[in-house]
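Numbering (this note's numbering), first residue to last: 3 to 747.
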């Protein structure tokens, strides 16, 4: 009897000892996964913070550039100079007209004011701005350099002040001051995409008494812009650290609500602003906390189960065996009438079922933990993929730029040789070199497409003809079980875009439709419309070629239809989630629109709208041909600057062969000190020490009538041209260079 009781206790203790390592290992595993989540969150917050700082720096640079463009207006500076000698109403009217025109040309300007050298405002687009501002920071510092000086509330919205000196004949004669909208910066800070329910972006600056003040509206505090003050004594606050120049991740930090947060801080050096991106720690590690609660509950349940098992073993195994022992003893003592009542012998089966339930519960907990781990790995993989694509883009852009320089020299010198060689066999060799160079030029265009700096070769073509040429290939791609039907508009549907990109749109949409079908039909329909509905349900008026790709596949549910154009979003196991987002980018790049109409189970319609070309292919060809005319003026003084000597020598040879007398150099300082009048500057945009844009601005100060022809292996996407400048993409031919020069003079 005693021996049986001891065995029952041993079984129970053994179960408890087996359970303890499982609980400990599970706890360790949860701690490891918690640290993985924190590390991944750090990388994600850092990526967002660097991206937002870059965008804000671009906006600040644009603000400086815009005020510089105003201060560099020659007519404005000359009018202000004349104002000092002849303070007439006509001069004031001229100044008013100039700054009104400048304000209208830049949407970020709220107002522009002109301040004389004594600190008095003599003209402003805002009648409320007047008087003596000689002690204002933006006037004092604006006499010396262009800068962003202050931020204040204007109509309950934050605005910033920029100022720049007005210089005439190397003498500062006043200051131009502008009030700039901060709408673009606020839209960046108030964009919480990817930051969950508690994530937030905060921007701050020092006040005059060196406290920190928040610039944007906080997510959880209304009317906080330029009102929420963080005392400078709170040096442990992440924003104070950012303003003090710290950059990095803080795992245990407390925000203005008193909440524990994970936060990454940066300093925007040019204006000494603090930037932080954060998310509540509770939300970030919520999956792990849920697992901890589940594990705790399971542990309690298992302890209860083991305790009940002990009671059941004692009741249904130990006691029946004790009764059997007593009965056996009585029989041995001669009591042949001894008997016992044992109603059930299924206790072992019940215990086995209990242990199975325990194992099943542990298995479910482990599966749930693995799913959380896989979800984390997927998020990390998407982030790595985005980083890799960005790196590939930068690398391909740099390679293509350098290769375009080489191709410029090859194509140019090949053309020069063709002009001097008469031997037919040699001419054929040169033609082959030229053809190979043009093919190589197409390769660089594809590399620039990866880097988003491509020179697109747009052309006018008929959408119907282009799709018709693709039909044979499309039929092979979608298979025999799907019918491809076309319904073309009777009229020509001309668009002006890049053919390869247009074909990429059509092929991707048709393939996407076929992958949502097991059979049926896909209809490609084209027509010309005078109004469309864009993705945001707004009506856009104008002439558009509308291309519809209609299928009768599975369709798209209302829950995910708004996400189909998001990068990395996909419902297919083998999908990347990049197809439709790439198509959206191409359509926007061509000033078009795309939207989706679908009902789950009833098919899907993708609608692409591109602007109708105003001219036909024949008209376009005629315009290109008419641009080339005889050179009218060879007496102009031309200066050529490029860091690639082969390009310099090529352009020099071309110009000399056409009776020009150019100055050709890669020495920037030599050009700055050149005493000769410069009529035309031909310069590469990307150079090691100074950009071609900056060089042009410097030389215009010395040669006010100078014109500039920018050349580059990149596109002119971010280049702002005026009536005194033009752009020529590398590689270029002799006739293209001479035509550009002729157009400018």
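Ideal Cβ positions, reconstructed from N, Cα and C, are used throughout, including at glycine.
| Item | Value |
| --- | --- |
| Inter-stretch contact at 8 Å, needing at least 3 Cβ pairs: the stretch 46 to 55 / the stretch 262 to 277 | yes |
| Which residues DSSP lists as bridging residue 286, in chain order | In the DSSP output, where bridge partners are listed per residue, residue 286 has none listed. |
| Boundaries of the beta strand (DSSP E) in which residue 83 is found, first to last residue | Not the beta strand (DSSP E): residue 83 falls in the alpha helix (DSSP H), residues 76 to 87. |
| Residue 438 burial status per 10 Å Cβ neighbour count (16 or more: buried) | exposed |
| Run of the alpha helix (DSSP H) containing residue 798, from where it starts to where it stops | One cannot answer for residue 798 here, as it falls past the ends of the chain, which runs 3 to 747. |
| Whole-number beta carbon distance between residue 613 and residue 545, since they are thought to touch under 8 Å | 7 Å |
| Contact check, residue 281 vs residue 36, beta carbons under 9 Å | no |
| Option nearest residue 138 by Cα separation, candidates 181, 129 and 121 | 121 |
| Close beta carbons around residue 248, own chain, < 8 Å, minus the five adjacent residues each side | 267 and 269 |
| Residue 224, DSSP secondary structure in three states | coil |
| Complete beta strand (DSSP E) runs within the stretch 151 to 209 (minimum length 3 residues, chain order) | 159 to 170, 173 to 183 and 202 to 208 |
| Buried versus exposed, by CB contacts within 10 Å (16 or more), residue 354 | At residue 354, the pLDDT of 41 sits below 50, so the modelled position is not reliable; the number obtained from the coordinates is stated separately. By the neighbour-count rule (16 or more Cβ atoms within 10 Å), residue 354 is not buried but exposed. |
| Endpoints, the beta strand (DSSP E) within which residue 250 is located | 250 to 256 |
| Inter-residue spacing [alpha-carbon to alpha-carbon] between residue 144 and residue 169 | 11 Å |
| Boundaries (first-last residue) of the beta strand (DSSP E) holding residue 608 | 606 to 613 |
| Beta-carbon contacts of residue 554 that lie in its chain and below 6 Å, excluding the five residues immediately before and after | 522 and 605 |
| Close beta carbons around residue 711, own chain, < 8 Å, minus the five adjacent residues each side | 682, 683, 684, 685, 727, 728, 729, 730, 742, 743 and 746 |
| Residue range of the unbroken alpha helix (DSSP H) whose run includes residue 103 | 91 to 107 |
| Contact belief for residue 610 with residue 594 at Cβ below 8 Å, rounded distance in angstroms | 7 Å |
| DSSP three-state assignment for residue 130, whether helix, strand or coil | coil |
| Whether residue 1 touches residue 283 by CB criterion (9 Å) | Missing from the structure shown is residue 1; the chain here goes from 3 to 747 and no further. |
| Residue nearest to residue 416 in terms of C-alpha spacing, selected from 427, 432, 713 and 428 | 432 |
| CA-to-CA distance, residue 589 to residue 191, given in whole angstroms | 27 Å |
| Separation of residue 235 from residue 175, as counted between CA atoms | 43 Å |
| Contact under 9 Å by Cβ, residue 600 with residue 558 | yes |
| Bounding residues of the beta strand (DSSP E) (the contiguous stretch that carries residue 530) | 522 to 535 |
| Simplified DSSP assignment, three categories, for residue 677 | coil |
| Cβ neighbour criterion (16 or more within 10 Å) applied to residue 105 | buried |
| Extent of the continuous beta strand (DSSP E) run through residue 682 | 682 to 686 |
| Residue 646 versus 477, 714, 290 and 509, residue with shortest Cα-Cα distance | 714 |
| Per DSSP, cross-strand counterpart(s) of residue 543 | 533 |
| First through last residue of the alpha helix (DSSP H) which encompasses residue 478 | 465 to 480 |
| Closest by C-alpha distance to residue 749, when choosing among 542, 231, 161 and 547 | Coverage of the chain is limited to positions 3 through 747, which leaves residue 749 absent and any answer about it impossible. |
| N-terminal and C-terminal residue of the alpha helix (DSSP H) that residue 647 is part of | 647 to 659 |
| Any 3 or more C-beta pairs closer than 8 Å across the stretch 493 to 502 and the stretch 463 to 471 | yes |
| Selection from 524, 78 and 567 that minimises the alpha carbon distance to residue 484 | 524 |
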